[in-house]
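Visitor: Residue numbers for the sequence shown follow our numbering, so the first one is -5 and each next one is one higher. Note that beta-carbon positions come from the ideal geometry of N, C-alpha and C, so glycine has one too. Remember, it's a predicted structure, so these values are computed and weren't measured experimentally.
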Amino acid sequence: MPYAIIETGGKQYRVSPGDVIAIEKLEAEEGSEVNFDRVLFHSSETGIQVGKPTLDDVKVVATVNSQVRGDKITVFKYKSKTRYRVKTGHRQSLTQVTINEITSGSQKEKSSAPRAAKTAQPSTAPRRRRKSDGT
-5 MPYAIIETGG
5 KQYRVSPGDV
15 IAIEKLEAEE
25 GSEVNFDRVL
35 FHSSETGIQV
45 GKPTLDDVKV
55 VATVNSQVRG
65 DKITVFKYKS
75 KTRYRVKTGH
85 RQSLTQVTIN
95 EITSGSQKEK
105 SSAPRAAKTA
115 QPSTAPRRRR
125 KSDGT
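Here is the structure:
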């Protein structure tokens, strides 16, 4: 399955056609298309491409599903012996997008089905125990 690593909002995401991801807020309306030009890595059936730092001929096209807010986190500042305590909260604004296709030059890879979840494979190598020195 083809995939790419994109950079947006100061973070990197591994995406495939059909993935739904939540990224830092973009100024885009619901239902509009968004192009991600900062592609750092691209893997397909023909091979892999690594950017230095980005790939110029590869683009990722996505559709904006919704503008959402993330879970609330609690920020608590405390300094001992000075009676200083501050408790605040924060909810990050996010944009939920669906990856439509990854275009590489004239080649397009498209998939309407979401990517299947990978199952963890057990390791076949025996586990090694550390020796204790008894002290």
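Classify Tyr(-3): buried if its beta carbon has 16 or more other beta carbons within 10 angstroms, exposed otherwise.
Guide: Tyr(-3) should be labelled buried.
Visitor: If you drop the 5 nearest sequence neighbours on each side, which residues of the same chain put their C-beta closer than 6 angstroms to that of Val80?
Guide: Once the five neighbours on either side are set aside, the close Cβ partners of Val80 are Lys71.
Visitor: Counting pairs of beta carbons, one from the segment 52 to 71 and one from the segment 26 to 36, are three or more of them closer than 8 angstroms?
Guide: As far as the Cβ criterion goes, the segment 52 to 71 touches the segment 26 to 36, which means the pair count is three or higher.
Visitor: So Arg8 is in the beta strand (DSSP E); what residue range does that whole segment cover?
Guide: Lys5 to Val9 is the span of the beta strand (DSSP E), which, as asked, contains Arg8.
Visitor: Anyone know if the C-beta pair for Val58 and Ser26 falls short of 8 angstroms?
Guide: Cβ atoms of Val58 and Ser26: closer than 8 angstroms.
Visitor: Does the distance from the CB of Ser60 to the CB of Glu21 come in under 8 angstroms?
Guide: No, the Cβ-Cβ distance between Ser60 and Glu21 is not below 8 angstroms.
Visitor: Within the continuous beta strand (DSSP E) that includes Ser79, where are the two ends?
Guide: Contrary to the premise, residue 79 reads as Arg rather than Ser in this sequence. Tyr78 to His84 is the span of the beta strand (DSSP E), which, as asked, contains Arg79.
Visitor: What residues in its chain sit with their C-beta under 8 angstroms from that of Ile0, if we drop five residues either side in the sequence?
Guide: Only Gln6, Tyr7, Val9, Phe30, Arg32, Val33, Leu34 and Val54 meet the Cβ criterion.
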